[in-house]
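Going by the numbering used here, the sequence shown opens with residue -8, and the numbers climb by one from there.
Glycine included, each C-beta is placed from N, C-alpha and C at the ideal position.
Bear in mind the structure is a predicted one, so any value in this text is a computation, not a measurement.
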Amino acid sequence: MNMAELNKVIIVEGRTDKKQIQKILNEQVDIICTNGTLGIERLEELILEYDLDNKNVYILVDEDDSGHKLRKQLSFELPHAEHIYIDKSFREVAATPEPELASALVSRHISVDPIFLT
């Protein structure tokens, strides 16, 4: 495992999102669950705890009001973060079919298990 692989962090909303993504990944990536919107203190803690200012951060949240609010908040605090979007028709990361999620991750150069690529 090289250092580049250890420098990727995906921020998601909930545990079901995390589990869905972990199934698909083919590399070591930290996945942080926000459990909804974050207070400023909690966000600062996460930035320090995971050294997010010095890592490749990806934001993958639901396509709903709370997801949009969280994405906006994270964008402000982590301007270097890359955004991964799911199709609005699925609304939730956890409800997104694995091939769709795999394609979204691959588009950001995140390695996934090839069985999930259609």
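Under DSSP, the beta strand (DSSP E) around residue i begins and ends at which residues?
i, result
"V3", "-1 to 3"
"D21", "21 to 24"
"I50", "47 to 50"
Quick one: grab the DSSP three-state call for residue i.
i, result
"H59", "helix"
"L29", "coil"
"L92", "helix"
"L16", "strand"
"E73", "strand"
"T87", "coil"
"E54", "coil"
"T109", "coil"
"R6", "helix"
"F67", "helix"
"D44", "helix"
Of the choices the options, whose alpha-carbon is the least far from that of residue i?
i, options, result
"T7", "V52, S102, D42, L34", "V52"
"E32", "S98, F107, Q64, D104", "Q64"
"I1", "L69, D104, S57", "L69"
"E91", "F107, E40, N26, I50", "F107"
"H100", "E4, V3, G5, V20", "V20"
"K79", "F67, D56, L61, A93", "D56"
"H71", "V48, I12, V103", "V48"
Can you tell me which residues form a DSSP beta bridge with residue i?
i, result
"H100", "According to DSSP, which records beta bridges pairwise, H100 is partnered with nothing at all."
Should residue i go down as buried or exposed, given a rule of 16 or more other Cβ atoms within 10 Å for buried?
i, result
"T109", "exposed"
"G27", "exposed"
"Q13", "exposed"
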